[in-house]
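Novice: Once you've had a glance at the structure underneath, I'll fire off some questions.
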Amino acid sequence: MKTLPRRFYRRDPRDVAPDLLNKVLVCGTRSGRIVETEAYCGPIDPGAHSYRGLTPRTTVMFGPPGHLYVYLSYGIHWCCNPVCGEDGEGVAVLIRAVEPVAGIEEMRPRRPKARRDVDLTNGPGKLTEALGIVGANNGADLVTGDQGIVIADDGTPPPVAPIQTWRIGFGNNPARDYPWRWFVPGNRFVSRPEGAR
DNA sequence: ACCGGGATGTTCT
DNA sequence: GAACATCCCGGTG
């Protein structure tokens, strides 16, 4: 298991997102293989939090690559995003689903409402709850692992033919037209194996 | 299986 | 005051 270097993140999020497939997100003693991602592209992306410029919430997203942007979705769920590109760009990748690799017994009590194992981590709000990622982890350095959170390569390459399709959860926002979601074909933990529309 | 609504806090109009 | 990068539960067929 090798922690991904800073340069892995210092690229366009649309290149990083498919490359993150099959990498391992580690949080303390728990980890999961990344099987679904979405790219968020700053000023050219009306779906990105950074679209309208720097705000207190998006400070980390506008910071240097390789740090974790964590935000609260719908007032309830935490979502986690490795920051990409260059310092000041405001681009990142949302991790939408992982497949448990280690510590699954610790994940079950953290996800008491999950009836089946697949419900442990098959969504962006679910995987943060299962792994234990919360708002206090906003800004964590994924390269130094200063908060026990890293992304590592265990030797599994990304899928040869990842599925690329539309992102999830945008109503009538024109962001719905950008096909910036990728997932591992056939993996059971993908939140929505079909296209978004 | 599929669909509608409620929870709940931050951000922006 | 509305929208929101979600999830869960209870209704119906």
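Take 844 as the starting number for the first sequence in the working numbering and just add one per residue. Beta carbons: idealized from backbone N, C-alpha and C, even for Gly.
Is DSSP giving Thr987 helix, strand or coil here?
Specialist: Thr987 falls in the coil class under three-state DSSP.
Novice: What ranges does the alpha helix (DSSP H) occupy inside the stretch 933 to 1012, keeping only unbroken runs of at least 4 residues that lie completely in it?
Specialist: As far as the stretch 933 to 1012 is concerned, its whole alpha helix (DSSP H) runs of at least 4 residues are 947 to 953 and 967 to 974.
Novice: On the criterion of 16 or more Cβ atoms from any shown chain inside 10 Å, does Thr999 qualify as buried, or is it exposed?
Specialist: It is exposed - the Cβ of Thr999 has fewer than 16 other Cβ atoms within 10 Å.
Novice: With H, G and I counted as helix, E and B as strand and the rest as coil, what does DSSP make of Ala1039?
Specialist: Note that Ala1039 has pLDDT 49, beneath the 50 cutoff, so the model's placement of it is unreliable and the number below is only indicative. Coil.
Novice: Is Ala945 closer than 8 Å to Arg876 when the C-beta atoms are compared?
Specialist: In this structure, Ala945 does not lie closer than 8 Å to Arg876 by Cβ.
Novice: According to DSSP, simplified to helix, strand and coil, what is Arg1031?
Specialist: Three-state DSSP puts Arg1031 in coil, outside helix and strand.
Novice: Report all residues from its chain with a CB closer than 6 Å to the CB of Leu974; omit the five preceding and five following residues, and keep chain order.
Specialist: Same-chain partners within the cutoff: Cys870 and Arg873.
Novice: Indicate the three-state DSSP secondary structure (helix, strand or coil) for Arg854 in the structure shown.
Specialist: Arg854: coil per DSSP, three-state reduction.
Novice: Assuming Asn924 is part of the beta strand (DSSP E), what are its boundary residues?
Specialist: Taken as a continuous stretch (DSSP letters only), the beta strand (DSSP E) holding Asn924 covers His920 to Pro925.
Novice: Would the beta-carbon of Arg854 fall within 8 Å of that of Gly928?
Specialist: Their beta carbons are under 8 Å apart, which means Arg854 touches Gly928 by this criterion.
Novice: For Pro848, does the count of other Cβ atoms within 10 angstroms reach 16, so buried, or fall short, so exposed?
Specialist: Flag for Pro848 reads exposed.
Novice: Excluding the 5 residues flanking Phe1032 on each side, which residues of the same chain have their C-beta closer than 7 Å to its C-beta?
Specialist: Same-chain partners within the cutoff: Val878, Ala940, Val941, Glu942, Val961, Thr964 and Asn965.
Novice: Give the secondary structure of Tyr894 by DSSP, where H, G and I count as helix, E and B as strand, and everything else as coil.
Specialist: Looking at Tyr894 - three-state DSSP - the assignment turns out to be helix.
Novice: By alpha-carbon positions, which one of Pro955, Cys922, Ala935 and Val867 ends up nearest to Gly885?
Specialist: Selected option, being the one with the closest Cα: Ala935.
Novice: Could you give the DSSP three-state label for Gly875: helix, strand or coil?
Specialist: Looking at Gly875 - three-state DSSP - the assignment turns out to be strand.
Novice: Tell me the residue span of the beta strand (DSSP E) that contains Leu911.
Specialist: Here the beta strand (DSSP E) through Leu911 covers Leu911 to Ser916.
Novice: Is it true that the stretch 909 to 920 meets the stretch 983 to 999, where meeting means three or more beta-carbon pairs spaced less than 8 Å apart?
Specialist: Yes: at least three Cβ pairs fall under 8 Å.
Novice: Spatial neighbours of Phe1013 within its chain, please: CB distance less than 7 Å, with the 5 preceding and 5 following residues excluded, ordered by chain position.
Specialist: Answer for Phe1013: Gly890 and Arg1019, listed in chain order.
Novice: Can you tell me the Cα-Cα spacing of Ser916 and Ile947, whole angstroms?
Specialist: One C-alpha to the other measures close to 24 Å.
Novice: Please classify Arg849: does DSSP put it in a helix, a strand, or coil?
Specialist: Reduced to three states, the DSSP call for Arg849 is helix.
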